[in-house]
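Per this note's numbering, residue 140 is the first one in the sequence shown, and the count goes up by one each step. Cβ atoms here follow ideal geometry from the backbone N, Cα and C, with glycine treated the same way. The structure appears right after this line, and notes come after that.
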Amino acid sequence: MQLFSIEYISLVVGFLILLIGIWGILTRKNILKMVIGFSLFDTGTHIIIVALGYVKNKTAPILNQPDLQTDTAHKIVDPVPQALVLTAIVIGLGVTALMLVYAMKLHNEKKTLNIQNYKDLKW
Numbered sequence: 140m141q142l143f144s145i146e147y148i149s150l151v152v153g154f155l156i157l158l159i160g161i162w163g164i165l166t167r168k169n170i171l172k173m174v175i176g177f178s179l180f181d182t183g184t185h186i187i188i189v190a191l192g193y194v195k196n197k198t199a200p201i202l203n204q205p206d207l208q209t210d211t212a213h214k215i216v217d218p219v220p221q222a223l224v225l226t227a228i229v230i231g232l233g234v235t236a237l238m239l240v241y242a243m244k245l246h247n248e249k250k251t252l253n254i255q256n257y258k259d260l261k262w
């Protein structure tokens, strides 16, 4: 395999986006920046799963072509990683929306998004 093939590039990009997301979650004090970090983490995870499910020179599992009718298992790619990523995108969208609503409610109550100003739940 080549070092600069699409699967390696997408894996590296996915891991970089994931690491930027983790950095954003752990180092930022603004709640909105933390939500953006979570979204980056989520997107990096999706890219990694799709990159791991990619198989070179194979096609989607749509069996309407005559050449795919014989020896099908060696010519198609597994659709499960793509299905899992689509499900994870929808779940990530819902979680992100919930975090944004929670941040909006916190801002309406305290008039700030800095997490250092929230001392009510600390012990």
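Residues near residue i by beta carbon distance below 6 Å, same chain, minus five either side
i	result
PRO205	none
GLU146	ALA190, TYR193
Cutoff 8 Å; reference residue i; Cβ partners in own chain excluding five residues on either side
i	result
ILE164	MET173, GLY176, PHE177, PHE180
ALA242	ILE170, LEU171, VAL174, LEU252
Beta-bridge pairing of residue i - partner residues as DSSP gives them
i	result
ILE215	THR198
ASN253	ASN169
Residue i and residue j closer than 9 Å at C-beta
i	j	result
TYR257	LYS244	no
8 Å contact criterion, which residue i and residue j should meet: CB distance rounded
i	j	result
GLY153	GLY183	5 Å
SER149	ILE186	6 Å
LEU223	ILE188	6 Å
Buried or exposed by the 16-neighbour rule on C-beta atoms within 10 Å, applied to residue i
i	result
ALA199	exposed
GLY160	buried
ILE254	exposed
LEU157	buried
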